[in-house]
Amino acid sequence: MDWQREVARLTHAVEEIFDRIKYRQVNGTKPLTIIPYLGFGSAEFLDLKGRVLEDSGIKPSRETDRIWNNLLNMYRRFESDEVPYARIIARFQHIEQEITADEEGFFKVSFRFDQLLTSEGSWQNVELELLEPKVSSSEIVRALGQALIVSPQAEFGVISDIDDTVVHTGVTSRLKMVFTILLKNAHTRLPLEGVAKFYNALQQGSDGEGCNPLFYVSSSPWNMYDLFREFFQINDIPVGPIFLRDWGFERQTMLAVKNRKYKLDSICNILDSFPDLKFILIGD
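For the sequence shown, numbering that gives the first Met the number 0 assigns the number 0 to the initial residue and increments by one for each residue that follows.
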């Protein structure tokens with residue numbers, strides 16, 4: 000309805016004003032961090048997303064952590080403030096690209112290559128450096144992002160759901176899901192039986208070369224990214240780019256993008272990026 004779109008537009012405008020005020024008030028007293036998300040590419044392109052946030056001090060989890068520690072870490076994940084309109088420079092090999100984050104602190108780097116990359120099928124590093132806002136005159140905020148360059152020898156790719164496909168979440172029971180998300184960590188959350196062995200076999204392929212790429216899509220927010228990365232590592236689940244959601248308002252709606260539409264958009268993005276590669280889809 001028109002009135003809903005108008006209210007959403009005004010809400011977004013007010014939110015953007017406050018974001019710009021907050022951006023100007025960053026005065027070097029709060030540590031900032033660049034969080035790069037795993038990217039992907041081919042011989043022709045490389046895409047990588049990330050976010051600039053105030054450092055919330057989230058500590059790596061342990062199997063012996065108490066419920067209180069897990070709850071505190073989860074609070075820090077969602078309480079951490081974004082740095083809107085931050086300026087970042089990205090460097091890949093001899094190419095530099097300057098980008099500006101959006102009002103939620105998210106940014107995307109897109110490299111397109113005149114000459115084809117010769118290092119397909121491997122992880123490539125992207126150097127990231129914060130240009131603005133400056134934390135201090137002496138401190139430089141840097142991060143190292145990674146992107147999977149899909150090999151032309153890949154037999155197929157895999158696109159997998161995460162919740163109740165890779166990790167037990169209990170999405171059919173709201174109470175169980177809330178308990179799992181808030182009170183468990185990467186060590187105490189449980190993978191589905193056999194998932195690590197199955198996904199490693201998919202990655203290895205019939206020739207055992209291990210160059211089949213895996214992508215993960217979830218309706219969980221980007222705030223959960225570090226937990227999923229840690230969970231995959233602990234449980235020997237193959238690493239791959241993870242596509243999560245921004246739970247902020249959009250310009251034309253008062254509600255977040257519907258789960259199924261978001262997942263479909265992410266899947267289509269992957270399929271369009273590799274039109275000649277066959278894919279196996281796992282999950283709902």
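By construction, the Cβ of each residue, glycine as well, lies at the ideal position given by its N, Cα and C atoms.
DSSP state of residue i mapped onto helix, strand, coil
{"i": "VAL82", "result": "coil"}
{"i": "SER121", "result": "strand"}
{"i": "ARG61", "result": "coil"}
{"i": "GLN289", "result": "The requested residue 289 does not occur in the structure, where the chain is confined to residues 0 to 283."}
{"i": "THR99", "result": "strand"}
{"i": "ALA89", "result": "strand"}
{"i": "ILE281", "result": "strand"}
{"i": "SER272", "result": "helix"}
{"i": "LYS29", "result": "coil"}
{"i": "VAL134", "result": "coil"}
{"i": "LEU71", "result": "helix"}
{"i": "PHE112", "result": "coil"}
{"i": "ASP264", "result": "helix"}
{"i": "LYS48", "result": "strand"}
{"i": "PHE39", "result": "strand"}
{"i": "LEU189", "result": "coil"}
{"i": "LYS175", "result": "helix"}
{"i": "ILE180", "result": "helix"}
{"i": "ILE139", "result": "coil"}
{"i": "PHE77", "result": "helix"}
{"i": "ILE34", "result": "strand"}
{"i": "ILE158", "result": "strand"}
Distance between residue j and residue i (C-alpha atoms, nearest Å)
{"i": "ASP271", "j": "PHE214", "result": "14 Å"}
{"i": "ASP80", "j": "PHE39", "result": "27 Å"}
{"i": "ALA142", "j": "VAL238", "result": "19 Å"}
{"i": "ASN211", "j": "GLY56", "result": "35 Å"}
{"i": "TRP67", "j": "LEU182", "result": "8 Å"}
{"i": "MET253", "j": "PHE230", "result": "Note on MET253: pLDDT 40, under 50, position unreliable in the model; the coordinate value appears next. Whole-angstrom Cα-Cα distance: 32 Å."}
{"i": "LYS277", "j": "ASP283", "result": "18 Å"}
{"i": "LEU47", "j": "GLY193", "result": "30 Å"}
{"i": "PRO83", "j": "GLN203", "result": "41 Å"}
{"i": "ASP162", "j": "TRP246", "result": "17 Å"}
{"i": "LYS260", "j": "SER205", "result": "33 Å"}
{"i": "ARG8", "j": "THR63", "result": "Per-residue confidence for ARG8 stands at a pLDDT of 48, beneath the threshold of 50, marking its modelled position as unreliable; no derived number is given."}
{"i": "LEU31", "j": "GLU138", "result": "10 Å"}
{"i": "PHE222", "j": "ILE279", "result": "Here residue 222 is Asn; the residue named in the question, Phe, does not match the sequence. Going by the C-alpha atoms only, they are around 27 Å apart."}
{"i": "LEU71", "j": "ASP275", "result": "45 Å"}
{"i": "VAL157", "j": "GLY169", "result": "23 Å"}
{"i": "ILE94", "j": "LEU37", "result": "19 Å"}
{"i": "GLU249", "j": "LEU243", "result": "Per-residue confidence for GLU249 stands at a pLDDT of 49, beneath the threshold of 50, marking its modelled position as unreliable; the derived number appears in the next sentence. Rounded to the nearest angstrom, the two C-alpha atoms are 16 Å apart."}
{"i": "GLY144", "j": "PHE105", "result": "14 Å"}
{"i": "LEU174", "j": "PHE77", "result": "19 Å"}
{"i": "GLY207", "j": "LEU201", "result": "9 Å"}
Distance between beta carbons of residue j and residue i, contact taken as under 8 Å
{"i": "GLN123", "j": "ILE148", "result": "5 Å"}
{"i": "LYS262", "j": "SER219", "result": "Not really, about 11 Å apart at Cβ, beyond 8 Å."}
{"i": "ALA287", "j": "VAL134", "result": "Nothing can be reported for residue 287: it is not among the residues displayed for the chain, which extend from 0 to 283."}
{"i": "VAL216", "j": "PRO190", "result": "Actually they are not in contact, since the Cβ atoms of VAL216 and PRO190 sit about 17 Å apart, beyond 8 Å."}
{"i": "THR171", "j": "ILE281", "result": "About 18 Å separates the two Cβ atoms, so there is no contact after all."}
Top-ranked residue by Cα proximity to residue i, from the options
{"i": "ASN268", "options": "PRO240, GLY282, ASN199 and TRP246", "result": "PRO240"}
{"i": "ASP235", "options": "ASP245, LYS196 and THR171", "result": "LYS196"}
{"i": "ARG188", "options": "PRO59, PHE227 and PRO132", "result": "PHE227"}
{"i": "HIS186", "options": "ALA153, ASP225, LEU52 and LYS29", "result": "ASP225"}
{"i": "LYS107", "options": "GLN92, LYS260, ALA146 and GLU138", "result": "ALA146"}
{"i": "ALA42", "options": "THR164, ARG173, ALA153 and LYS277", "result": "ALA153"}
{"i": "GLN96", "options": "VAL140, GLU138, PHE242 and ARG111", "result": "ARG111"}
{"i": "ILE266", "options": "PHE178, TYR198, GLY209 and SER159", "result": "SER159"}
{"i": "SER109", "options": "ILE88, VAL51, LYS175 and GLU103", "result": "ILE88"}
{"i": "ILE34", "options": "GLY209, PRO274, ASN199 and VAL125", "result": "VAL125"}
{"i": "GLU131", "options": "GLU103, GLY156, ARG61 and ILE98", "result": "ILE98"}
{"i": "ARG90", "options": "PHE77, GLU128 and VAL166", "result": "GLU128"}
{"i": "LEU45", "options": "THR164, HIS167, LEU116 and ALA200", "result": "LEU116"}
{"i": "PHE155", "options": "THR164, TYR198, LYS29 and VAL51", "result": "TYR198"}
{"i": "ARG61", "options": "ARG173, HIS93 and ASN184", "result": "ASN184"}
{"i": "LYS29", "options": "TYR36, THR164 and GLU53", "result": "GLU53"}
{"i": "GLY306", "options": "MET73, GLY207, GLU103 and ALA200", "result": "In the structure as shown, the chain begins at 0 and stops at 283. Residue 306 is therefore absent and cannot be evaluated."}
Check: residue i C-beta below 7 Å from any heavy atom of the ligand FAD
{"i": "PHE273", "result": "Because no ligand of any kind appears in the structure shown, any question about the ligand FAD cannot be addressed here."}
Residue ranges of each beta strand (DSSP E) run of no fewer than 3 residues wholly in the stretch 195-255, ordered along the chain? 213-220 and 241-244
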